[in-house]
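Okay, structure first, notes after.
Protein chains: 2
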Amino acid sequence: AEVAAIVELKKQLNGITGEDNKNKNKILLKVPKGTRDYNEIEMAIREKVFSTIISVFKRHGAVTIDTPVFELREILTGKYGEESKLIYNLEDQGGELCSLRYDLTVPFARFLAMNGTQSIKRYQIAKVYRRDQPAMTKGRMREFYQCDFDIAGNFDPMIPDSEVIKIMIECLTELDIGKFTIKVNHRKILDGIFEICGVPEEKIRPISSAVDKLDKSPWKDVRDEMTNEKGLDPIVADRIGEYVKLKGGKDLLEKLYQDQKLCANKNAKGGLEDLFLLFKYLEVFEVLDMISFDLSLARGLDYYTGIIYEAITEHSGPPTLEDGTKVARKLKKDSDEFDETTIGVGSIAAGGRYDKLVGTLVGRTNSDIPCVGVSIGVERVFSILLQKYKPEQVKANEVEVYVIAVGDGLMEDRMKVCAELWNAGIKAEFMYKAKPKLQPQFSTCDRYQIPFAVIIGKDELDIGQVRIKDMRSKEQGGGGGSSVKRSDMITELKLRLGKV
Amino acid sequence: AEVAAIVELKKQLNGITGEDNKNKNKILLKVPKGTRDYNEIEMAIREKVFSTIISVFKRHGAVTIDTPVFELREILTGKYGEESKLIYNLEDQGGELCSLRYDLTVPFARFLAMNGTQSIKRYQIAKVYRRDQPAMTKGRMREFYQCDFDIAGNFDPMIPDSEVIKIMIECLTELDIGKFTIKVNHRKILDGIFEICGVPEEKIRPISSAVDKLDKSPWKDVRDEMTNEKGLDPIVADRIGEYVKLKGGKDLLEKLYQDQKLCANKNAKGGLEDLFLLFKYLEVFEVLDMISFDLSLARGLDYYTGIIYEAITEHSGPPTLEDGTKVARKLKKDSDEFDETTIGVGSIAAGGRYDKLVGTLVGRTNSDIPCVGVSIGVERVFSILLQKYKPEQVKANEVEVYVIAVGDGLMEDRMKVCAELWNAGIKAEFMYKAKPKLQPQFSTCDRYQIPFAVIIGKDELDIGQVRIKDMRSKEQGGGGGSSVKRSDMITELKLRLGKV
């Protein structure tokens, strides 16, 4: 409501200052808030990120599927807890009510339910949509890619779960984003803690949502939300506070297993036993040292039922002040957008087990298909990588040969030579000018770092020859290169390009 | 309106028969009308299609960009002529008014205008959205992929245009969809014809839209639309009719160039001269025999200003009756969907020159950036290819090695071996069961055509050995394979997989 008020005031202000008048007949040239274009350099980096992730997914035997960008609205309803208000709706233009997908998990579950698929290991890389407050430089956007890997099917406990965590680690390692940690927790342990602390059943999910904010807010604020906003007894909140501040490794797991009150709770005991098995498998995979068992990890979404996890880097949390306290989130002055210096990129990959989602969609619990998966937030990864690469180091254009004319343009001859190269599978271009000068043609090679030039001139063509010049060599200027028979041109170029 | 009425009646009918009641608490498990899922087999085919097209685009020096799936509504307004009513709007949930993109061309022009890009050769493969009547088996959908290639910049006439047509032909040839033809026309020739026939200026675009329907409707219906719906003088319509029935090659071009009345019109003369040059270049590219100069080709979109073209196959038009007349489009009984036996797949690629779109967006004609491009309708290509491939011939899963235990499960050992394979870049899986039987493990290899198995047993592991078995060989059953030292396993497998 505050945000809307600010927007409205700005509009009125524009009306008074006449700022709108100047641009009356002009279309506002921008992309919708929270979205962005990717230019060719950014796309070259993004494609490298995708191909790295896909190669990991395929190495683990995944196939891929695709689903529509929007779903029937009722499919998405009630799956995202407090976040549901962020769903984008399509306008009712007659026909079905639809909404843009909020994640790839619910559409995947819908796909499984619709097709009666009993078991699949699939990945999907696609855009999802959330009407959230954007922070573009932190990769927090309204349209963003998710790279999801999920394993559906009835399998022995913790085997797929440990493989999914292994996959998450392989992806982040190969993306080379620097040091990261995987926080792990279990919904059943959390539920058990809430139960033994005395949280009424109907408050378990809302209280869980509050706990989930501990990575960006101090305990005091979270406790406020629990007691004031959500009406929890302060004594109960304080009991929860004792548990959710715990983090550690196997040691913490063993300590909690000694907690008789906790282990008297069926949920908590089951969750702890799951984690023991998970840790054993992660040790076999030699990745246990990257894991932090963190009782404050809750995950916002409603559909998780088992282990949950989240990968964080040093960029994930909000900046800290000198005394170590976290900077509080703030809006920009006169704006409904966050001040980006007050927030972090958040988790860069996250997921968990959701055993009931398919059954919920089918409407029969005996149709449950257990699932576990991970989603890599590639925009956040991308925002980290963008700081690492310099744009001028990234080559977006893959042209291998530039066809250059000396003398009178030779338009049709350049076209003919280029067509020969294309037909042989060589990436080639020529200048779109009937009579280009020599120097601009050479400059183009330099600008786009095109490695080879085929240089044609009338006299040489008449005796069936062309020149091939390595443009990366020091030797520069108008001439140069070595003469080859026109009929040997393709063979010679393929040899030089390493295409044989 | 008719469609809405039918939908409403169906709702009422459901109300009466109580069909809705049975499913009261059940979510309708379907995708929105006009959209579809792609399973792993379909995706394997689709990825092959994309990689074929991308390799052609890159061979011609294209880079890629990405734009958001929705744009500010006013950017899309007034760009699509009669088709504008098919634009999907996002609901007004506060903030900017947005619509899903209708094509990739207007967003590309917006990108150029916003960034002041003077020249680029770019491709973009992404989904677009149209609230049209779907015909799913014909690849006519509400959500579908377009594969666009465009050249923006000030260049000498017809050079980029001829390359774009060459690219279109390379793509369709390499996609192996069978025989196809490229229909070519020029907006200026059409405008000239309309002018000399006596079409009032404000009716030129609507009359052009009517002509565009000649590929699916007989002249009689198109003439009706011109005279009754659009109020054109019947004498003018008949004059147009004489021209738009013409089709041919260079001969027709020469014949029209002799038509003094036509060539007295500046637009027509300019268009014909463009085509002469285009045909010369297409002859150099050795593709002129695939071109049909077709005066009935008009293209529906408003933004074209120069040459226009469209690729059609034998599947493009509606089915014909025995006497050669085209089957008329019909709705399915009691439905608002087309009877798919009455329509064709339409054009499978199309495009043209649009020199004014960027300037229109910037709001200054001196900011025009001339563009020419093509869009490949990959769903239509896909619907043709889907009939060609048998699902069982398509391998979606790329797993190379399956890790199998003989005896007591050896869960942790299978994991350890598998992790070794993954770390060496080998695609590998194992069964998600603590103690799997031997036969199901072998069956999995067969089902997914996994070429190799690594078989581990306790005794062999103890002496540091594993067995490698080629699963494609005739030799079957529980044993088999050749023993190798555990330490040589990776080297041996890489050798067999041709990875060295």
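These protein sequence lines are chains A and B, in that order. In terms of this note's numbering, the first sequence is numbered consecutively and its last residue is 500. In terms of this note's numbering, the second sequence is numbered consecutively and its last residue is 1500. Backbone N, C-alpha and C define an ideal beta-carbon position, used for all residues, glycine too. Fair warning: this is a prediction, and the values are worked out from it, not measured in the lab.
If I measure Cβ to Cβ from Gly-507(A) and keep anything under 7 Å in the same chain, skipping five residues before and after, which residues do I get? In this structure chain A extends from 1 to 500, so residue 507(A) is not present and cannot be described.
Residue closest to Asn-154(A), alpha-carbon to alpha-carbon, out of Glu-91(A), Ile-369(A), Arg-496(A): Nearest of Glu-91(A), Ile-369(A), Arg-496(A) to Asn-154(A), Cα basis: Ile-369(A).
Assuming Lys-1416(B) and Val-284(A) are in contact, meaning their beta carbons sit under 8 Å apart, how far apart are those beta carbons, in whole angstroms? Your pair Lys-1416(B) and Val-284(A) checks out as a contact, with CB atoms roughly 6 Å apart and the cut at 8 Å.
Applying the 10 Å Cβ sphere with the 16-neighbour rule, what's the burial state of Ser-1482(B)? The residue is exposed, with fewer than 16 neighbouring Cβ atoms inside 10 Å.
Assuming Val-403(A) and Phe-430(A) are in contact, meaning their beta carbons sit under 8 Å apart, how far apart are those beta carbons, in whole angstroms? Contact between Val-403(A) and Phe-430(A) holds, with the beta-carbon distance rounding to 4 Å and staying under 8 Å.
Does chain B have any CB closer than 8 Å to the CB of Gln-510(A)? Since the first residue of chain A shown is 1 and the last is 500, residue 510(A) is not available in this structure.
Length of the line joining the Cα atoms of Thr-181(A) and Lys-245(A): Rounded to whole angstroms, Thr-181(A) to Lys-245(A) spans 17 Å at the Cα level.
Going by DSSP in three states, Leu-1097(B) sits in which element: helix, strand or coil? Here Leu-1097(B) sits in coil by DSSP.
Would you identify the three-state DSSP class for Tyr-88(A), choosing helix, strand or coil? Tyr-88(A): coil per DSSP, three-state reduction.
Just tell me which of Ser-367(A), Lys-269(A), Asp-148(A) has its CA closest to the CA of Gly-116(A). Measuring from the Cα of Gly-116(A), the nearest candidate turns out to be Ser-367(A).
State yes or no: is the beta carbon of Asn-89(A) nearer than 8 Å to at least one beta carbon in chain B? It does: the Cβ of Asn-89(A) has a partner Cβ on chain B nearer than 8 Å.
Counting only Cβ pairs nearer than 8 Å, list the residues of chain B close to Arg-239(A). Taking a Cβ-Cβ threshold of 8 Å, none of the residues of chain B is close to Arg-239(A); the smallest such distance is about 37 Å.
Find the residues of chain B that neighbour Pro-160(A), judging by a C-beta separation of less than 9 Å, and give them in chain order. At a C-beta separation below 9 Å, Pro-160(A) has these neighbours in chain B: Tyr-1432.
Looking at the unbroken beta strand (DSSP E) that takes in Trp-217(A), where does it start and where does it end? Before going further, note that residue 217(A) is Ser rather than Trp in the sequence given. No beta strand (DSSP E) contains Ser-217(A), which DSSP labels as neither H nor E.
Contiguous alpha helix (DSSP H) assignments of at least 4 residues, all confined to the region 1257–1340 of chain B: List check, alpha helix (DSSP H) in window: 1260–1263, 1266–1284.
Reducing DSSP to helix, strand and coil, say where Asp-1251(B) ends up. Three-state result, Asp-1251(B): helix.
Residue environment, Lys-332(A), which counts as buried when at least 16 other CB atoms sit within 10 Å: So Lys-332(A) ends up on the exposed side.
How many Å lie between Ile-1196(B) and Lys-1330(B) at the Cα? If I take the Cα positions, the gap works out to 36 Å.
On the three-state DSSP scale, how would you describe Ile-120(A)? Here Ile-120(A) sits in strand by DSSP.
Between the CA atoms of Gln-465(A) and Glu-382(A) - distance to the nearest angstrom: This sequence places Phe at residue 382(A); Glu is not what is there. So the alpha carbons of these two residues sit roughly 47 Å apart.
Whose CA, out of Cys-418(A), Arg-36(A), Gly-81(A), Leu-104(A), lies closest to the CA of Asp-1037(B)? Here the closest residue by C-alpha is Leu-104(A).
Counting pairs of beta carbons, one from the region 1301–1318 of chain B and one from the region 1270–1282 of chain B, are three or more of them closer than 8 Å? At 8 Å Cβ cutoff, the stretches touch.
For Val-199(A) versus Leu-232(A), is the C-beta distance shorter than 8 Å? Their beta carbons are under 8 Å apart, which means Val-199(A) touches Leu-232(A) by this criterion.
Using DSSP with H/G/I as helix, E/B as strand and the rest coil, what is Tyr-1243(B)? Helix at Tyr-1243(B).
Under 9 Å from the C-beta of Thr-64(A): neighbouring residues of chain B: The answer, in chain order, is Tyr-1038, Glu-1040, Met-1043, Ala-1044, Glu-1047, Ala-1396.
Beta bridge counterpart(s) of Ala-428(A) as assigned by DSSP: According to DSSP, residue pairing for Ala-428(A) in a beta bridge involves Val-401(A).
Counting contacts by CB-CB distance shorter than 8 Å, is Ile-1053(B) in contact with chain A? Ile-1053(B) has a beta carbon lying at 8 Å or more from every beta carbon in chain A.
If I follow the unbroken beta strand (DSSP E) through Asn-1185(B), where does it start and stop? Looking at the DSSP string, the run of the beta strand (DSSP E) that includes Asn-1185(B) is 1180–1186.
Can you pull the chain A residues whose beta carbon is under 7 Å from the beta carbon of Thr-1035(B), in chain order? Simply Pro-68.
I need the boundaries of the alpha helix (DSSP H) containing Lys-1388(B), first residue and last residue. Counting along the chain, the alpha helix (DSSP H) containing Lys-1388(B) begins and ends at 1378–1388.
With 8 Å as the limit, tell me which residues of the region 1293–1319 of chain B have their beta carbon closer than that to any beta carbon of chain A; keep them in chain order. Taken residue by residue, none of the region 1293–1319 of chain B has a beta-carbon sitting less than 8 Å from a beta-carbon on chain A.
Comparing the C-beta of Lys-24(A) with each C-beta of chain B, is any distance below 8 Å? Legend: pLDDT at Lys-24(A) = 46, less than 50; position of this residue unreliable, value from coordinates given subsequently. With 8 Å as the cut-off, Lys-24(A) does not count as an interface residue toward chain B.
Could you compute how far the alpha carbon of Phe-1194(B) sits from the alpha carbon of Ala-1044(B)? Spanning the two alpha carbons is a distance of roughly 47 Å.
Is it the case that the Cβ atoms of Arg-380(A) and Ile-348(A) are separated by a distance below 8 Å? Going by C-beta atoms, Arg-380(A) is nearer than 8 Å to Ile-348(A).
Please confirm whether Glu-1286(B) has its beta-carbon closer than 8 Å to some beta-carbon of chain A. The Cβ of Glu-1286(B) sits closer than 8 Å to at least one Cβ of chain A.
Which of the three DSSP states is assigned to Lys-1033(B) in this structure? DSSP places Lys-1033(B) in the coil class of the three-state scheme, outside both helix and strand.
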